[in-house]
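The sequence shown begins at 2 in my numbering and counts up by one. Beta carbons are placed, not taken as given, at the ideal position from N, Cα and C, and that holds for glycine. Bear in mind that the values here come from a model prediction, so they are computed numbers and not experimental data. Structure record follows, encoded as structure tokens.
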Amino acid sequence: MSTPPLPAGSTVTVVAGNPKPGSRTLDAGVRLAQALAGDPPDHVVDVVDLGPGLLGWGDPGVAAAVSTVASSSLVVVASPTFKATYTGLLKVFLDQFETAEGLRDVVCVPLMLGAGPAHAMAPEASLRPLLAELGGTCPAPGLYLRDTTYADDGVLEAYVERWGPALLRAVAAPVPA
Ligand SMILES: Cc1cc2nc3c(=O)[nH]c(=O)nc-3n(C[C@H](O)[C@H](O)[C@H](O)COP(=O)(O)O)c2cc1C
2 MSTPPLPAGS TVTVVAGNPK PGSRTLDAGV RLAQALAGDP PDHVVDVVDL GPGLLGWGDP
62 GVAAAVSTVA SSSLVVVASP TFKATYTGLL KVFLDQFETA EGLRDVVCVP LMLGAGPAHA
122 MAPEASLRPL LAELGGTCPA PGLYLRDTTY ADDGVLEAYV ERWGPALLRA VAAPVPA
């Protein structure tokens, strides 16, 4: 697998919106970020760790996490599939971002894990549009991984091979004035 290097000073963040801390979803997000960037992510936001402050406005821990994500160059946004879509927990976190501006100039990679093939289109049909609504740049399709096989089925690696160069070019591209 060969991808161009990230520009110096780029920051890579993983967001995992799973009510279960330290989940396979988080692990898959970290693996994807590492495969894309060649290094472990600079930041990992396990949304569940932000706690009850997510249910209102103005919590300093939540604000800091929002700021970390919004100032990142590349963000893997990962969720398990719940009822054919992303989790409510991920949504309450992303509700803290400003519409059309909150993820401005952030290259986003939608990632979802699921138990079976029925909802393989969920990252593309539900999560990618949500990230675009927040102003994120989503140059590659959403990635769907099976929860029991993602570590060694080759799907993640094939995605990085196909889409890694386009994602890293998007990080490097100058923002139009
Ligand atoms: C409330 C709930 C709803 C779920 N709904 C779906 C679903 O609609 N489609 C699916 O493929 N898997 C579904 N699953 C399975 C999870 O997506 C799967 O267990 C998860 O991706 C595993 O990741 P984790 O180990 O990080 O939690 C559901 C699981 C739970 C707990």
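Decide if residue i is buried, meaning its Cβ has at least 16 other Cβ atoms within 10 Å, or exposed.
i, result
"Gly18", "buried"
"Pro42", "buried"
"Leu56", "exposed"
"Ala34", "buried"
"Ala141", "buried"
"Ser72", "exposed"
"Arg170", "exposed"
"Val143", "The sequence given here has Gly at residue 143, not Val. Gly143 is buried by the Cβ-count criterion."
When you compare only the Cα positions, how much space is there between residue i and residue j?
i, j, result
"Leu131", "Thr150", "26 angstroms"
"Ala123", "Val48", "20 angstroms"
"Lys84", "Glu125", "15 angstroms"
"Pro111", "Asp60", "25 angstroms"
"Thr100", "Asp106", "13 angstroms"
"Val172", "Ala36", "15 angstroms"
"Pro20", "Cys139", "25 angstroms"
"Gly39", "Pro6", "8 angstroms"
"Met2", "Val161", "Annotation note: pLDDT 48 at Met2 (below 50); position unreliable, coordinate value reported separately. Whole-angstrom Cα-Cα distance: 7 angstroms."
"Gly62", "Gly117", "35 angstroms"
"Ser24", "Ala174", "33 angstroms"
"Leu90", "Ala65", "17 angstroms"
"Pro53", "Leu95", "15 angstroms"
"Pro8", "Gly137", "19 angstroms"
"Thr69", "Trp164", "24 angstroms"
"Thr26", "Met113", "7 angstroms"
"Asp50", "Pro22", "7 angstroms"
"Ala152", "Pro166", "22 angstroms"
"Ala159", "Gly10", "27 angstroms"
"Thr86", "Ala133", "16 angstroms"
"Trp58", "Asp154", "41 angstroms"
Give me the Cβ distance between residue i and residue j, rounded to the nearest whole Å; I'm assuming they're in contact under 8 angstroms.
i, j, result
"Val13", "Ser74", "7 angstroms"
"Leu128", "Phe98", "The Cβ separation is near 14 angstroms, so there is no contact."
"Val156", "Cys109", "In fact, because the Cβ distance is near 19 angstroms, the residues do not count as touching under 8 angstroms."
"Thr88", "His120", "Actually they are not in contact, since the Cβ atoms of Thr88 and His120 sit about 13 angstroms apart, beyond 8 angstroms."
Would you mind stating whether residue i and residue j have Cβ atoms separated by less than 8 angstroms?
i, j, result
"Ala29", "Leu146", "yes"
"Val45", "Val31", "yes"
"Val76", "Val16", "yes"
"Asp148", "Gly115", "yes"
- request: Let me know the beta strand (DSSP E) ranges lying completely inside the region 31-76, each 3 residues or longer, listed in chain order.
  value: Counting whole runs of 3 or more residues, the region 31-76 contains the beta strand (DSSP E) stretches 44-47.
Continuous alpha helix (DSSP H) assignments of at least 4 residues falling wholly in the region 106-149: Here the runs fully enclosed are 129-134.
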